[in-house]
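Novice: Chains as they are written, first to last, in the working numbering: chain C, 70 to 354; chain L, 70 to 354.
There's a structure below that I have some questions on.
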């Protein structure tokens, strides 16, 4: 480290590990009614968005997360037409979802409009589908939105939230998952970001337990690299209403997908059908 | 971060990113003729080994690397009996290699005996196969060892080295790869740790180019999570003497392997047969 270098380091208490990036300066900062949003520029990672001191995304590496929270669940559902994204204010998940031509409507409901405004300004590539006629952007309470959804009206719910503290705390409990369960059709699927599968397996177990109390019967956790999150390895957890659902996916459709990805492939998805042994053991699979 | 916390942070210039761990203290330190080896204890990651300021391994996460540098190449070779490990002084790779019952002899040649002595003391689980009658531990120059190997005598060469600076610099060039090429049988395979596939793709291209100058004809880079290395995502690169070698592996043998792993599975390996699109594009595949 040279004397002129400037590093943004996030010390993450729950994993006892830290992640950081060499930055060139702070570009912007806003205190919304819900949280503090900061934008930094970096030497190697493009722009960084930090919310309440937690790294949310970088220009360089956000594609891992946005692809993996979108494409596996959409290729697992037989025919997803109606998608709801809770959180996801940076709009990167919405962009991936709308790459699927079969999706007829995708509603993104984030409580904090400022996240989207900052993303439009500093991560415009993530917002390039915001004008799609199938997109609906709401700035409202995701818990209330799901509670008020018409029962059996949604194919896929994507919970693209911050960590389970602060504004997102209400997105990790039985009451919220009950709303998701009710809103989903019988073959509907829920997917939620589920933190580090190396260091935070207890959190994944707790989340699955809460989903189970709400009626979900089958679960699948998919790991993927995410350099800007603690441990560099992250996960999403899928949930189905059906007993013994195997989470097999439309492999031929995925292999012939009519859009580009940087990380996701049908091959990769197939390789995730069996969990790493230490993850399977910890989750009792 | 509370005032009482103590963090070991590694700022890695080439990727502009940093990785760190919450430590409880330094347990040991030795300056060998080649490098400085430090051992720390941590709150969540067990013990850490740091060489010349670079994080080498932690108790908690070293299994990713040791499994992925060993099992994919050994299940890709049709019948590996004679294995040479260059570097690998912590003995974790040797342990994985010797899990394969078909391996008749595995020679580990690390220039620095102190790495092995420190590993025996602080990572004894990695050294549990050192007494296997098939194991040979040498403390010598790996470049010279490969140069003096009997031509066509080796099935698999594993280059388990530090970064391409300092003592390991000579393990990343044409002259060394020519020795490996000569020592390997016609169906022999070389595998080498090849740094971050997210941030250091140029290094992987350069390494493949040097291997190519030495006569290797086909290459395959496999990514895997490695939280304690820069970007948290790492890779190994396999090389074959054969034109158009596809790196298909003995999937049935891998699925029926007579030993435990924490991360590697035949399913995972199959999922890696197609590279992530952005990696494939950068490597011209």
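Backbone N, C-alpha and C define an ideal beta-carbon position, used for all residues, glycine too.
What does DSSP give as the partner residue(s) for residue 309 of chain L in the beta ladder?
Specialist: Counted from its first residue, the second chain places residue 309 of chain L at position 240. DSSP, once it has assigned bridges, lists L/258, L/287 as partnering residue 309 of chain L.
Novice: Within 9 Å (strictly less), CB to CB, does residue 275 of chain L reach chain C?
Specialist: Taking the second chain and counting its residues from 1, one reaches residue 275 of chain L at position 206. So, not an interface residue.
Novice: Scan the stretch 100-116 of chain L for residues whose Cβ lies nearer than 8 Å to a Cβ of chain C and list them as they occur along the chain.
Specialist: Result list: 111, 112, 113, 114.
Novice: Taking DSSP as the reference, what is the three-state secondary structure of residue 248 of chain L?
Specialist: On the second chain, residue 248 of chain L is found 179 positions in, with the first residue counted as 1. Helix at residue 248 of chain L.
Novice: Listed in chain order, which residues of the stretch 303-327 of chain L have Cβ atoms closer than 8 Å to some Cβ of chain C?
Specialist: Within the stretch 303-327 of chain L, no residue qualifies.
Novice: For residue 328 of chain L, does the count of other Cβ atoms within 10 angstroms reach 16, so buried, or fall short, so exposed?
Specialist: For the purposes of this step, residue 328 of chain L is taken as residue 259 along the second chain, with counting starting at 1. Exposed, because fewer than 16 other Cβ atoms sit within 10 Å of the Cβ of residue 328 of chain L.
Novice: If residue 301 of chain C and residue 300 of chain L are in contact, beta carbons under 8 Å, what's the gap, nearest whole angstrom?
Specialist: Translated into the one-based positions of the first chain, residue 301 of chain C becomes position 232. Translated into the one-based positions of the second chain, residue 300 of chain L becomes position 231. Indeed, because the Cβ distance is near 7 Å, the residues count as touching under 8 Å.
Novice: Go through its chain and collect everything with a Cβ distance to residue 155 of chain C's Cβ below 6 Å, but skip five positions before and after it.
Specialist: Residue mapping note: residue 155 of chain C aligns to position 86 of the first chain, counting from 1. Excluding residues within five positions, the ones whose Cβ falls inside 6 Å are 178, 211, 228.
Novice: What number of angstroms, rounded off, separates the C-alpha of residue 202 of chain C from the C-alpha of residue 93 of chain C?
Specialist: The residue you call residue 202 of chain C lines up with position 133 of the first chain. The residue you call residue 93 of chain C lines up with position 24 of the first chain. The alpha-carbon atoms of residue 202 of chain C and residue 93 of chain C are separated by roughly 38 Å.
Novice: Pick from L/121, L/129, L/172, L/122: whose alpha carbon is nearest that of residue 146 of chain L?
Specialist: As a working mapping, residue 146 of chain L is identified with position 77 in the second chain. Selected option, being the one with the closest Cα: L/172.
Novice: Suppose you measure from the CA of residue 127 of chain L to the CA of residue 354 of chain C; what does that come to, to the nearest Å?
Specialist: For the purposes of this step, residue 127 of chain L is taken as residue 58 along the second chain, with counting starting at 1. For the purposes of this step, residue 354 of chain C is taken as residue 285 along the first chain, with counting starting at 1. Going from the Cα of residue 127 of chain L to the Cα of residue 354 of chain C covers about 26 Å.
Novice: Looking at the secondary structure, which residues open and close the alpha helix (DSSP H) in which residue 86 of chain L lies?
Specialist: Translated into positions along the second chain, residue 86 of chain L becomes position 17. First-last for residue 86 of chain L: 86-100, but that is the beta strand (DSSP E), not the alpha helix (DSSP H).
Novice: Whose CA, out of C/150, C/263, C/291, lies closest to the CA of residue 222 of chain C?
Specialist: On the first chain, residue 222 of chain C is found 153 positions in, with the first residue counted as 1. Measuring from the Cα of residue 222 of chain C, the nearest candidate turns out to be C/150.
Novice: Under 8 Å by Cβ, that's how I've got residue 144 of chain C and residue 182 of chain C pegged, so tell me the actual separation to the nearest angstrom.
Specialist: Here residue 144 of chain C corresponds to residue number 75 of the first chain, with the count starting at 1. Here residue 182 of chain C corresponds to residue number 113 of the first chain, with the count starting at 1. Wrong, their Cβ atoms sit about 31 Å apart, outside the cutoff.
Novice: Using Cβ-Cβ distances below 7 Å, what residues of the stretch 85-100 of chain L are close to chain C?
Specialist: Cβ contacts with chain C: 85, 86, 87, 88, 89, 90, 91.
Novice: Using the rule of at least 16 other Cβ atoms within 10 Å of the residue's Cβ for burial, across every protein chain shown, is residue 141 of chain L buried or exposed?
Specialist: Within the second chain, the letter at position 72 stands for residue 141 of chain L. So residue 141 of chain L counts as buried.
Novice: Any beta carbon from chain D within less than 9 Å of residue 295 of chain C's own beta carbon?
Specialist: Absence of chain D from the displayed structure is noted, the protein chains being C and L.
Novice: May I ask which residues mark the beginning and end of the alpha helix (DSSP H) holding residue 211 of chain C?
Specialist: One-based indexing of the first chain puts residue 211 of chain C at position 142. Looking at the DSSP string, the run of the alpha helix (DSSP H) that includes residue 211 of chain C is 211-217.
Novice: Would a check of beta-carbon distances place residue 347 of chain L closer than 9 Å to chain C?
Specialist: Indexing the second chain from 1 puts residue 347 of chain L at position 278. Yes, contact with chain C.
Novice: Give the single residue among C/259, C/295, C/216, C/206 whose Cα lies nearest to the Cα of residue 281 of chain C.
Specialist: On the first chain, residue 281 of chain C is found 212 positions in, with the first residue counted as 1. Answer by Cα proximity: C/259.
Novice: Pick from C/344, C/268, C/276: whose alpha carbon is nearest that of residue 295 of chain L?
Specialist: Translated into positions along the second chain, residue 295 of chain L becomes position 226. Out of C/344, C/268, C/276, C/268 has the C-alpha closest to the C-alpha of residue 295 of chain L.
Novice: In whole angstroms, what is the alpha-carbon distance linking residue 195 of chain L and residue 338 of chain L?
Specialist: Here residue 195 of chain L corresponds to residue number 126 of the second chain, with the count starting at 1. Here residue 338 of chain L corresponds to residue number 269 of the second chain, with the count starting at 1. Those two C-alpha atoms are separated by around 23 Å.
Novice: How many Å lie between residue 98 of chain C and residue 106 of chain C at the Cα?
Specialist: Position 29 of the first chain, counted from the first residue, corresponds to residue 98 of chain C. Position 37 of the first chain, counted from the first residue, corresponds to residue 106 of chain C. Their Cα atoms are separated by approximately 6 Å.
Novice: Between which residues of its own chain and residue 191 of chain L is the CB-CB distance below 8 Å, once the five residues before and five after are set aside?
Specialist: Residue 191 of chain L sits at position 122 when you count from the first residue of the second chain. Correct list, in chain order: 96, 97, 108, 116, 118.
Novice: What residue does the alpha helix (DSSP H) around residue 322 of chain C start on, and which one ends it?
Specialist: In the first chain, residue 322 of chain C corresponds to position 253, counting from 1. Residue 322 of chain C -> alpha helix (DSSP H) spans 320-324.
Novice: Compare the Cα-Cα distances from residue 253 of chain C to each of C/326, C/175, C/240, C/224 and report the closest residue.
Specialist: Here residue 253 of chain C is taken as the residue at index 184 of the first chain, counted from 1. Taking only the C-alpha atoms, the option nearest residue 253 of chain C is C/224.
Novice: Could you work out which residues of chain L lie near residue 301 of chain C, taking near to mean beta carbons separated by less than 7 Å?
Specialist: Looking up residue 301 of chain C in the first chain gives position 232. Those are 294, 296, 300, 301, 302, listed as they occur along chain L.
Novice: Is residue 292 of chain L closer than 9 Å to residue 344 of chain L when the C-beta atoms are compared?
Specialist: For this step, residue 344 of chain L is matched to residue 275 along the second chain. For this step, residue 292 of chain L is matched to residue 223 along the second chain. Yes, the pair counts as a contact, with Cβ atoms nearer than the cut-off.
Novice: Please list the segments of the beta strand (DSSP E) lying wholly inside the stretch 93-170 of chain C, counting only runs of 3 or more residues, in order along the chain.
Specialist: If we require 3 residues or more, the beta strand (DSSP E) runs fully inside the stretch 93-170 of chain C come out as 105-111, 116-120, 123-127, 151-156.
Novice: Using 9 Å as the limit for Cβ to Cβ distance, is residue 169 of chain C near chain L?
Specialist: Locating residue 169 of chain C in the first chain gives position 100, where the first residue counts as 1. No, residue 169 of chain C lies away from the interface with chain L (no Cβ there is under 9 Å from its Cβ).
Novice: Figure out for me which residue from C/153, C/78, C/255, C/286 has the closest Cα to the Cα of residue 206 of chain C.
Specialist: Along the first chain, one-based indexing puts residue 206 of chain C at 137. For residue 206 of chain C, the nearest C-alpha among the options comes from C/153.
Novice: Using DSSP with H/G/I as helix, E/B as strand and the rest coil, what is residue 223 of chain L?
Specialist: As a working note, residue 223 of chain L is residue 154 in the second chain. Residue 223 of chain L falls in the strand class under three-state DSSP.
Novice: Could you name the residues of chain L that residue 138 of chain C contacts, counting a contact when the two beta carbons are closer than 9 Å?
Specialist: Numbered from 1 along the first chain, position 69 holds the residue referred to as residue 138 of chain C. By Cβ distance, chain L contributes nothing, its closest Cβ being about 16 Å from residue 138 of chain C, past 9 Å.
Novice: Taking Cβ-Cβ distances shorter than 9 Å, what residues in chain L pair up with residue 351 of chain C?
Specialist: Counting from 1 along the first chain, the entry for residue 351 of chain C is found at position 282. Correct list: empty, because the minimum Cβ distance to chain L is about 10 Å.
Novice: Report back the beta-carbon spacing between residue 79 of chain L and residue 124 of chain L to the nearest angstrom; my notes put them in contact at under 8 Å.
Specialist: Locating residue 79 of chain L in the second chain gives position 10, counting from the first residue. Locating residue 124 of chain L in the second chain gives position 55, counting from the first residue. Indeed they touch by this definition, with Cβ atoms about 5 Å apart.
Novice: According to DSSP, which residues form a beta bridge with residue 207 of chain C?
Specialist: As a working note, residue 207 of chain C is residue 138 in the first chain. Its beta-bridge partners are C/178.
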